[in-house]
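Visitor: Got a structure for you, questions after.
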Amino acid sequence: MGGMTAHPFDAPASQALLERALAVTPGGVNSPVRAFRAVGGTPRFMASGTGPYLTDVDGREYVDLVCSWGPMILGHGHPAVVEAVSAAVSQGFSFGTPSENEVALGEEIVARVEPVGQVRLVSSGTEATMSAIRLARGYTGRSLIVKFAGCYHGHVDSLLAQAGSGVATFALPDSAGVPKEMAAETIVLPFNDLAAVEEAFAARGSEIAAIITEASPGNMGVVPPAPGFTEGLRRITAAHGALLISDEVMTGFRCSAAGWYGLEGPYAAGAPDLFTFGKVMGGGFPAAAFGGRADVMALLAPVGPVYQAGTLSGNPVATAAGRATLQQCTPELYARLDEVADAITGALDTELGRAGVPHTIQRAGSMFSVFFRDGAVGNYDQARDQHVPAFAAFFHSMLSQGVYLPPSAFESWFVSGAHDDAAVDRIVSALPAAASAAAESFATIDS
């Protein structure tokens, strides 16, 4: 920390903002995990971000390992993105008409992900998955959807069943307000269990429109698919005339230039029919997309009968940010992300091991997370079988030393190209004390 004094546990300016927020917003936040309920304490309200650092309203600086949950792959305020956004803003904010930027971003995505023939731009990952599901149902004339426990696909009614992430943080298996009829349209299976998928399709294959899966789940912590799992999903869906939807909202353009597909594909059984994207492709602005085989995409209005629309879809400022971000996602950038992730996970493993803390670190490209338990994690039940209080202790130790981690044990950690050696050193130097704090938490349970 370069001799910097530890940040105190209390954060008066953030607390004052939280009290204002509580009066006008449920829980004081606009997305639940931000509330710090899983770790306790006052959520930090951020004032600015530069490179790998965030500064909160109390003036405290943190190395950022959330990176806006993935989009800030270049770091905060990257000059090329600032320039592109400034140029776009000077031309107008929103037209409600087609514009060149949205065409250019679509071309960028199609060029990077080989199986994607066409894309439709939307404003959020939730919109992307919701639209992909509707399209799959329209294409197949079937209604059932298969998803996996612990995979989160946005807050779509039929997909909020054992959805991991924020839902796991609050220990809610499902959400109130979702009609039973909607939930009944979803079959929830254990991730990485091909036998369960085979069984579901043997029983109801003719009614199943699609399987939707996170390409490599990151919403129960990072739980990559077992070798052959994605291949098996493609084989089973193809045999039964169902579609395979690969949700790359988190992994898309983050794990590689072509996302998780770029690491694991191509598959002998063929590519997924549809993909959903978000996060990185928006460069920190609200932008997302779904796309895939041209014959499936041809069912979308105005060409086909499946309706989907959005006033801000393809917004010229958001698409300028996304395109500029993708253009900076070079082989050198991905090499640096891997290097940074190697350094942090290596030190994390060493320090937790030295402190005697049971732990498992898992990765998908440069995305990673730590589970406070022994043994590999392959599904949601295993992800939940960890010592969550140890994470809270670890989190607050890191926070007090100026490192901002995801405030939940069920989230992925993200790095950026702006994480230089100085930022990495600050993270690594904070780990021994945090590992000791986690060890103390385990000791409390054991005693």
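The sequence shown runs 32 to 478 under the numbering used here. Each residue gets a CB set at the ideal place from its N, CA and C atoms; glycine is no exception.
Among residues of its own chain, excluding the 5 on either side of residue 87, which ones have a beta-carbon nearer than 8 Å to its beta-carbon?
Guide: Indexing the sequence shown from 1 puts residue 87 at position 56. Once the five neighbours on either side are set aside, the close Cβ partners of residue 87 are 42, 44, 45, 75, 76, 77, 78, 93.
Visitor: CA-CA distance, residue 472 and residue 63?
Guide: Against the sequence shown, residue 472 aligns to sequence position 441. Against the sequence shown, residue 63 aligns to sequence position 32. Residue 472 and residue 63: Cα-Cα distance of roughly 25 Å.
Visitor: Hey, residue 341 and residue 125: beta-carbon distance below 7 Å or not?
Guide: Within the sequence shown, the letter at position 310 stands for residue 341. Within the sequence shown, the letter at position 94 stands for residue 125. Going by C-beta atoms, residue 341 is not nearer than 7 Å to residue 125.
Visitor: Would you mind sorting residue 204 into buried or exposed? The rule is 16 or more other CB atoms within 10 Å of its CB.
Guide: Reading the sequence shown from its first residue, position 173 is the one you call residue 204. For residue 204, the pLDDT reaches just 44, beneath the cut-off of 50, and the residue's location in the model is therefore unreliable, although a value from the coordinates is still provided. The residue is exposed, with fewer than 16 neighbouring Cβ atoms inside 10 Å.
Visitor: For a test of the three-state rule: what should DSSP assign to residue 145, helix, strand or coil?
Guide: Start at 1 with the first residue of the sequence shown, and residue 145 comes out as number 114. Residue state, collapsed to three classes: coil.
Visitor: What do you get for residue 120, buried or exposed, if any count of 16 or more other CB atoms within 10 angstroms of its CB means buried?
Guide: Position 89 of the sequence shown, counted from the first residue, corresponds to residue 120. Classification of residue 120: exposed, given that the 10 Å Cβ count is below 16.
Visitor: Find out if the Cβ-Cβ distance for the pair residue 70, residue 423 is shorter than 7 Å.
Guide: For the purposes of this step, residue 70 is taken as residue 39 along the sequence shown, with counting starting at 1. For the purposes of this step, residue 423 is taken as residue 392 along the sequence shown, with counting starting at 1. Yes, Cβ-Cβ distance for residue 70 and residue 423 is below 7 Å.
Visitor: Would residue 212 and residue 175 qualify as a contact pair, given that the criterion is a beta-carbon distance under 7 Å?
Guide: On the sequence shown, residue 212 is found 181 positions in, with the first residue counted as 1. On the sequence shown, residue 175 is found 144 positions in, with the first residue counted as 1. No, they are not a contact pair.
Visitor: What residues in its chain sit with their C-beta under 7 Å from that of residue 231, if we drop five residues either side in the sequence?
Guide: Start at 1 with the first residue of the sequence shown, and residue 231 comes out as number 200. Cβ within range, chain order: 177, 218, 220.
Visitor: Using DSSP with H/G/I as helix, E/B as strand and the rest coil, what is residue 93?
Guide: The count along the sequence shown starts at 1 and reaches residue 93 at position 62. If DSSP states are grouped into helix, strand and coil, residue 93 belongs with the strands.
Visitor: Please go through the same chain and pick out, in chain order, the residues whose beta-carbon is closer than 8 Å to the beta-carbon of residue 406, but skip the five residues on each side of it.
Guide: Residue numbering aside, residue 406 sits at position 375 when the sequence shown is read from its first letter. Excluding residues within five positions, the ones whose Cβ falls inside 8 Å are 391, 413.
Visitor: Could you check which residue in 432, 394, 403, 277 has the C-alpha nearest to that of residue 387?
Guide: Mapped onto the sequence shown, residue 387 falls at position 356. It is 403 whose Cα lies nearest to the Cα of residue 387.
Visitor: Along the beta strand (DSSP E) that carries residue 242, what are the first and last residues, could you check?
Guide: Position 211 of the sequence shown holds residue 242. Unbroken beta strand (DSSP E) run through residue 242: 239–245.
Visitor: How about residue 338 and residue 332: do their beta carbons lie closer than 7 Å?
Guide: In the sequence shown, counting from the first residue as 1, residue 338 sits at position 307. In the sequence shown, counting from the first residue as 1, residue 332 sits at position 301. In contact: residue 338 and residue 332 (Cβ atoms closer than 7 Å).
Visitor: Suppose contacts are defined by Cβ-Cβ distances below 7 Å. Is residue 466 in contact with residue 368 by that definition?
Guide: Here residue 466 refers to the residue found at position 435 of the sequence shown. Here residue 368 refers to the residue found at position 337 of the sequence shown. No, they are not a contact pair.
Visitor: Under DSSP, the beta strand (DSSP E) around residue 416 begins and ends at which residues?
Guide: Locating residue 416 in the sequence shown gives position 385, counting from the first residue. That residue, residue 416, is in no beta strand (DSSP E); it is neither H nor E in DSSP.
Visitor: Using the C-alpha atoms, what's the distance from residue 55 back to residue 345?
Guide: Reading the sequence shown from its first residue, position 314 is the one you call residue 345. Reading the sequence shown from its first residue, position 24 is the one you call residue 55. Each residue's alpha carbon lies about 30 Å from the other.
Visitor: Just to confirm, are residue 394 and residue 139 a CB contact at a threshold of 7 Å?
Guide: Residue mapping note: residue 394 aligns to position 363 of the sequence shown, counting from 1. Residue mapping note: residue 139 aligns to position 108 of the sequence shown, counting from 1. No; because the gap between Cβ atoms is not below 7 Å, this pair is not in contact.
Visitor: Look at the alpha carbon of residue 474 and the alpha carbon of residue 364, and state the distance between them as a whole number of angstroms.
Guide: The sequence position of residue 474 within the sequence shown is 443, counting from 1. The sequence position of residue 364 within the sequence shown is 333, counting from 1. Rounded to whole angstroms, residue 474 to residue 364 spans 41 Å at the Cα level.
Visitor: If you check the beta carbons only, do residue 266 and residue 300 fall under 7 Å apart?
Guide: On the sequence shown, residue 266 is found 235 positions in, with the first residue counted as 1. On the sequence shown, residue 300 is found 269 positions in, with the first residue counted as 1. Taking 7 Å as the Cβ cut-off, residue 266 and residue 300 qualify as a contacting pair.
Visitor: Assuming residue 49 and residue 81 make a contact with CB atoms under 8 Å, what is their CB distance in whole Å?
Guide: As a first step, residue 49 must be located in the sequence shown, where it is residue number 18. As a first step, residue 81 must be located in the sequence shown, where it is residue number 50. About 24 Å separates the two Cβ atoms, so there is no contact after all.
Visitor: Please name the residue or residues paired with residue 401 in a DSSP beta bridge.
Guide: Taking the first residue of the sequence shown as position 1, residue 401 is located at position 370. Per DSSP, 392.
Visitor: Under the assumption that residue 167 contacts residue 240 (Cβ atoms under 8 Å), give the Cβ distance between them as a whole number of angstroms.
Guide: The residue you call residue 167 lines up with position 136 of the sequence shown. The residue you call residue 240 lines up with position 209 of the sequence shown. So it is a contact: roughly 5 Å between Cβ atoms.
Visitor: Any idea which residues DSSP pairs residue 444 with across the strands?
Guide: Your numbering for residue 444 matches position 413 in the sequence shown. According to DSSP, which records beta bridges pairwise, residue 444 is partnered with 399.
Visitor: According to the Cβ coordinates, are residue 289 and residue 457 closer than 7 Å?
Guide: Residue numbering aside, residue 289 sits at position 258 when the sequence shown is read from its first letter. Residue numbering aside, residue 457 sits at position 426 when the sequence shown is read from its first letter. No, they are not a contact pair.
Visitor: Look up residue 251 in the DSSP assignment and give the residues it is bridged to.
Guide: Counting from one through the sequence shown, the residue named residue 251 turns up at place 220. According to DSSP, which records beta bridges pairwise, residue 251 is partnered with nothing at all.
Visitor: According to DSSP, what are the bridge partners of residue 41?
Guide: The residue labelled residue 41 in the question sits at position 10 within the sequence shown. Note: residue 41 sits in no beta bridge, so no partner.
Visitor: Please report the residue range of the alpha helix (DSSP H) in which residue 379 lies.
Guide: By 1-based counting over the sequence shown, the position of residue 379 is 348. 362–385 is the extent of the alpha helix (DSSP H) around residue 379.
Visitor: Where does residue 229 fall in DSSP's three states?
Guide: Reading the sequence shown from its first residue, position 198 is the one you call residue 229. In this structure, residue 229 counts as helix in the three-state DSSP scheme.
Visitor: By DSSP, does residue 435 sit in helix, in strand, or in coil?
Guide: Position 404 of the sequence shown, counted from the first residue, corresponds to residue 435. Residue state, collapsed to three classes: strand.
Visitor: Looking at C-beta atoms only, is the number of pairs between the region 308–318 and the region 101–108 that lie closer than 8 Å three or more?
Guide: At 8 Å Cβ cutoff, the stretches touch.
Visitor: Looking at C-alpha atoms only, which residue of 321, 310, 294, 206 is the closest neighbour of residue 243?
Guide: Start at 1 with the first residue of the sequence shown, and residue 243 comes out as number 212. The shortest C-alpha separation from residue 243 is found at 321.
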